[in-house]
Amino acid sequence: MKKSALALALAFGASMGHAAVVFEDDFSSYAEGQTINGVNWNPKWDGNNDLTQQDLMTATNGYVKFDTSIAKRNYFCPSKHGFSVASNKYAVIGSDFRYFHEPGGNITEPPNKANQGAFGLLISTTPTWWDGVNKSFQMCNRGSHMGNKVPVDPWQEGWQSHLTTFGVDTTAGGFSDWFRIEWTVVQGEINYEATAKLFKANGDGIYTATTVDLGITNGATLYAGFSPGWNDINTNIAQISKFSEVDMDNFKVEVVTIPNTRTIFSDDFESGSYVTYPLVADWRNPAPWSKALNNPSAYEVTNGVMKTKFGYRGIVAGGSPVVAAPGETIRIAYDVTIDLGSTFNTYQLGDYMFSPEGGAYFTNYVNPILSYDHALNSSGLARRVEFNAWTDEGSFPNGRVVVNLNGGSPEYYLAEDLGLAPGTGADFVSDPLRMAYEYTKRPTVGLWECVTLISNMHSAAMLTTTQLISRVDTWNVEEFFFSIQNPELPSGGGWEIDNLVVQVSSGPDIILVGFEAWAEGYGLLGGADDDQDGDGLSNLYEYGLNGDPTNAANLGTLPQMTYGADHSVSYTHPLLLDSKAGISYVAEWRDNLSFGDWSSVWLFDSNYPAADEEYNERLLKLDGLGKDRLFMRFRITQP
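Right under this line is the structure:
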């Protein structure tokens, strides 16, 4: 049984952004056979029509087992922890899964039925299973392959082999490998939009599903959980899918703040002429960026788009070495229209299509394939590497190609091998202009991520996070988009780029988190136990209660106790969502100060969104009937 969460593929914002964990559960706290419920989960129970739909998600060996032999369609299990997604944020809902495929081969209709939801993730507008708007990302069996359902054309997609992708032979039957589903939620024009991605246990991407409109208005409070969703026939999931068991582990919901980015330059090419970029000042020191357009004769700007080839180079000049320089995320994004002609697939191995610095390659198999390499010092996202030079024309550290196969955001970040140590790598393309292809330096296909392209509008980007050791290092994006075909591109086929933008997201030299970052923002001179504004609350309590440590009139939101008509005693206090806050909230009670101990066990304990989206409101309840006295104690502590 693995207990470590599977590797996550981070988006551009996550590499430098602020991530707040709303809720996570590795299910290790539940007793064997216990139904997951209580303060965190609200699994379905149906006392009116079908008493069988109870206690179907139980703790087993440290994970959760979903009993598909009894569960039917529209089984919902939302968590009780709400969140919302602002326009400058995105949320990631993720969980590990595996399934047990019954022996005897692929599904047979009847008694089975293909393309029906068997398990997946849930997004709801309420923490209760019986009401609200419920949307599911549903995995479904289709015989030798498994994919997912979508509410729009193509309706089912992503078909992956049970054997080669998920590691289970349908004839022999057995458990699949563990894999992870992550559902990313962003604001669309009116409603939330969600894009699901599947990853293997080692973090390699499996595929990205179609982005869907959830039909839930932007800004609404959401609750994530588990559900097989709706099925056409109302029988048990196992009979439909031949999945006699589904296991879930390492469930997590986090909201990520997209960092502010600085746009170095952008162009929509509406001028209809070649692009001339002004010098842009270095954002760290007065030394300018130098620039050079490569082979402008290769450009063709027509009807507001630029065709075939583009190059740009920026050099940070001057300055002294920096020991603890910040990580910088450099993003080059553009829209690309791909028009595949009828003869496009006939050209030989070695033709190029898209290239980041260091040389990606294009290979004609059955369909056009987009690939890329893992070049020298490649850092990936949020992975810091150190190197003393970035100027070798033969092997450049490079960002990875990013392609959104669905048109829109968020983008699909192809998997990358992060195993290369700084200073190591392979020179797959040695020509200084990266215009030549050397077959002997081509890595095996298994080391590359390949995606079949279709004729359509896509968005694409190249992205890298770097840590500079010296300010004389070179940042280079040269011929990141170019094509070579031998012979020339066939008539009716080709590609165009539009809406080019280059952005940089840079952090401070010393990255502060938690209380230290908050104190730095207010310019506090004292520590956590000091009271700078003299209002009676220490700086640490002001931090935990959302107060202003420089304004004695703003204590934040103080804990409150109320007594209800039903004799319940409620106690509320703010709860900071930052996973790196480094603080603990301790709320305790007792009914006698003469003897006994303080207790932190409450009859009810749950969290709700607060007015400030960086905090939740924690609600605790006790039964006050028969208690003549109640004493409360509240503390905020640091390790």
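According to mature numbering (1 follows the signal peptide of the UniProt record, and there is no 0), the sequence shown holds residues -19 to -1, 1 to 620 in order. Don't be surprised by glycine CBs; every beta carbon is placed ideally from N, CA and C. Everything numeric in this text was worked out from a predicted model, so none of it was measured.
Report yes if the C-beta distance between residue i and residue j is below 8 Å; otherwise report no.
i: SER580; j: VAL2; result: no
i: ILE218; j: ALA99; result: yes
i: LEU505; j: PRO540; result: no
i: LEU584; j: ASP609; result: no
i: GLY113; j: THR107; result: yes
i: GLU138; j: THR192; result: no
i: ASN115; j: SER105; result: yes
i: GLY210; j: ASN172; result: no
i: GLY75; j: ARG161; result: yes
i: TYR11; j: LEU37; result: no
i: LEU606; j: ASP572; result: no
i: SER117; j: SER9; result: no
i: LYS178; j: ASN93; result: no
i: ILE187; j: GLN141; result: yes
If you compare alpha carbons, which of the options is closest to residue i?
i: ALA568; options: LYS94, ILE617 and GLY495; result: ILE617
i: residue 643; options: HIS143, THR202 and PHE64; result: Residue 643 is absent from the model: the chain starts at -19 and stops at 620.
i: TYR522; options: HIS554, MET542, TYR544 and THR543; result: HIS554
i: ARG54; options: SER76, THR41, LYS25 and THR538; result: LYS25
i: GLU163; options: GLY148, GLN141, MET613 and ASP77; result: ASP77
i: TYR80; options: CYS121, LEU600 and TYR71; result: CYS121
i: PHE4; options: GLY607, ASN115 and ASN588; result: ASN588
i: ASP213; options: LYS130, ASP516 and TYR173; result: LYS130
i: GLY515; options: GLN619, GLY607, ALA498 and LEU536; result: LEU536
i: PHE180; options: SER208, ALA534, GLN168 and THR146; result: THR146
i: PRO91; options: GLN220, VAL149 and ASP586; result: GLN220
i: ALA562; options: GLN619, THR41 and VAL45; result: GLN619
i: GLU83; options: SER575, ASP6 and VAL149; result: VAL149
i: GLU13; options: VAL45, THR33, GLU594 and LEU32; result: VAL45
i: VAL550; options: ASP511, ASN532 and ASP586; result: ASP586
Between the C-alpha atoms of residue i and residue j, what's the straight-line distance to the nearest angstrom?
i: THR39; j: GLY502; result: 45 Å
i: ALA592; j: THR151; result: 51 Å
i: SER519; j: VAL166; result: 37 Å
i: GLY508; j: ASP185; result: 43 Å
i: ASN183; j: TYR566; result: 35 Å
i: LEU103; j: LEU601; result: 26 Å
i: GLY19; j: THR189; result: 33 Å
i: GLN15; j: ALA534; result: 48 Å
i: THR216; j: GLY200; result: 36 Å
i: TYR596; j: TRP110; result: 25 Å
i: residue 621; j: GLU170; result: The structure shown does not extend to residue 621, since the chain is modelled only from -19 through 620, so no value can be given for it.
i: GLY495; j: ILE564; result: 8 Å
i: GLY577; j: THR33; result: 43 Å
i: residue 658; j: GLU497; result: What is shown of the chain runs -19 to 620, which leaves residue 658 out entirely.
i: THR238; j: ASP194; result: 21 Å
i: ASP511; j: SER575; result: 32 Å
i: PRO590; j: MET542; result: 19 Å
i: GLY517; j: THR538; result: 14 Å
i: ASN385; j: GLU594; result: Here ASN385 scores only 28 on pLDDT, less than 50, and its place in the model should not be relied on; the value that follows carries that caveat. Rounded to the nearest angstrom, the two C-alpha atoms are 29 Å apart.
Applying the criterion that 16 or more other CB atoms from any shown protein chain within 10 Å of the CB defines a buried residue, is residue i buried or exposed?
i: ASN69; result: exposed
i: ALA153; result: exposed
i: ALA72; result: buried
i: ASP158; result: exposed
i: LEU557; result: buried
i: VAL66; result: buried
i: THR176; result: buried
i: TRP499; result: buried
i: TRP570; result: buried
i: ARG614; result: exposed
i: GLU235; result: buried
i: TRP22; result: buried
i: PHE232; result: buried
i: GLU174; result: buried
i: residue 630; result: Nothing in the structure corresponds to residue 630, since the chain is present only between -19 and 620.
i: ASP6; result: buried
i: VAL582; result: exposed
i: VAL133; result: exposed
i: LEU401; result: Only weak support is given to the placement of LEU401: the predicted model assigns it a pLDDT of 31, under 50, and the question is left unresolved by the model.
Any beta-carbon of chain D closer than 8 Å to the one on residue i?
i: GLU13; result: Absent here is chain D; the protein component of the structure consists of one chain.
Just to check, is the beta-carbon of residue i closer than 7 Å to a non-hydrogen atom of the ligand PLP?
i: LEU518; result: Absence of the ligand PLP from the depicted structure is noted, as is the absence of any ligand whatsoever, leaving it without description.
query = Do the segment 45 to 62 and the segment 227 to 239 touch if we need at least three Cβ pairs shorter than 8 Å?
reply = Yes, the segment 45 to 62 is in contact with the segment 227 to 239.
query = With a cut-off of 8 Å, do at least 3 Cβ pairs link the segment 200 to 208 to the segment 58 to 75?
reply = The segment 200 to 208, when compared against the segment 58 to 75, does touch it at the 8 Å Cβ threshold.
query = Quick one: any contact between the segment 85 to 92 and the segment 112 to 129, if contact means 3 or more CB pairs under 8 Å?
reply = Verdict: yes, contact present.
inquiry  = Three Cβ pairs or more, each shorter than 8 Å: is that satisfied between the segment 511 to 526 and the segment 543 to 550?
reply    = Contact fails: fewer than three Cβ-Cβ distances are below 8 Å.
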